[in-house]
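Asker: Sharing a structure, written as structure tokens. Questions coming.
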Amino acid sequence: MSWAVGGPVATFERIGVTEHSLLDMYGLRDDSRVLDIGCGAGRLARQLSRRPRLSYHGIDVVPELLAYARRKISRQDFKFDLVSGNTIPLPDASVDFVILFSVFTHLLHEESYVYLEQCRRVLVPGGRVVFSFFEFATPSHWSVFDGNVDWVRKRFMGHINVFMHRDDIRLWRPLRNAG
């Protein structure tokens, strides 16, 4: 199950701590309501579980990852749900944070845009969306891109990482300013 946690346990923990720190920088409160899209094996949930008043809902498309997260996270009030498609199964204005760490890397730009529309719908006024993506302008990301090129050459039918440029996100700004 090492694929589920992204490598060695120490790496799993370190990345979770980094993600948690980023959320703190963006104003995470002890009583925040968090939606973690692409929660995977619960890397972030494990870190957030130390905040007793925090509300957490993780969703993913991989049942094995969700099962792993449920086994490893002792908080009974933390929810882990299987989803399909890009509709968020929550009511409007119901969360303070929507997290998408390493989600857009697996989607077409159009799918990412639809997810951002859904994020806007479920966020309370003043809520935050925090996400990560591979960017061409970041030299350390080129090794992943090279791997994708090899995949295309071999026509291997498996996983691929999608790259973006930060200007792509800026082009979507009208979504942020709408309504």
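Residue numbers for the sequence shown follow the numbering used here, beginning at -8 and rising by one.
No residue lacks a Cβ here, since even glycine has one placed at the ideal position from N, Cα and C.
For a test of the three-state rule: what should DSSP assign to Pro172, helix, strand or coil?
Answerer: Residue 172 lies beyond the residue range present for the chain, which begins at -8 and ends at 170; the question has no answer from this structure.
Asker: Measuring alpha carbon to alpha carbon, tell me which of Ser23, Arg62, Arg24 ends up nearest Arg37.
Answerer: Arg62
Asker: For Ala84, tell me which candidate among Gln67, Met16, Glu108, Ile6 has the shortest Cα-Cα distance.
Answerer: Glu108
Asker: Assuming His100 and Phe127 make a contact with CB atoms under 8 Å, what is their CB distance in whole Å?
Answerer: 13 Å between Cβ atoms; not a contact.
Asker: What span of residues does the beta strand (DSSP E) with Val14 cover, start to end?
Answerer: According to the sequence provided, residue 14 is Leu. The question's Val does not apply to it. Where Leu14 is concerned, there is no enclosing beta strand (DSSP E), although the alpha helix (DSSP H) it sits in stretches over 0 to 16.
Asker: Taking DSSP's pairing of strands, which residues face Gly49 in a bridge?
Answerer: Asp27, Phe71
Asker: Please name the residue in Leu114, Thr129, Gly49, Ile50 whose C-alpha comes closest to that of Asp87.
Answerer: Leu114
Asker: In whole angstroms, what is the alpha-carbon distance linking Arg144 and Ser46?
Answerer: When rounded, the distance between both Cα atoms is 44 Å.
Asker: Any idea if Asp27 is buried or exposed, counting beta-carbon neighbours within 10 angstroms, 16 or more meaning buried?
Answerer: buried
Asker: I'd like to check one pair, Asn77 with Tyr176: are the Cβ atoms closer than 8 Å?
Answerer: Past the boundaries of the shown model lies residue 176; the chain is included only from -8 to 170, so the question cannot be answered.
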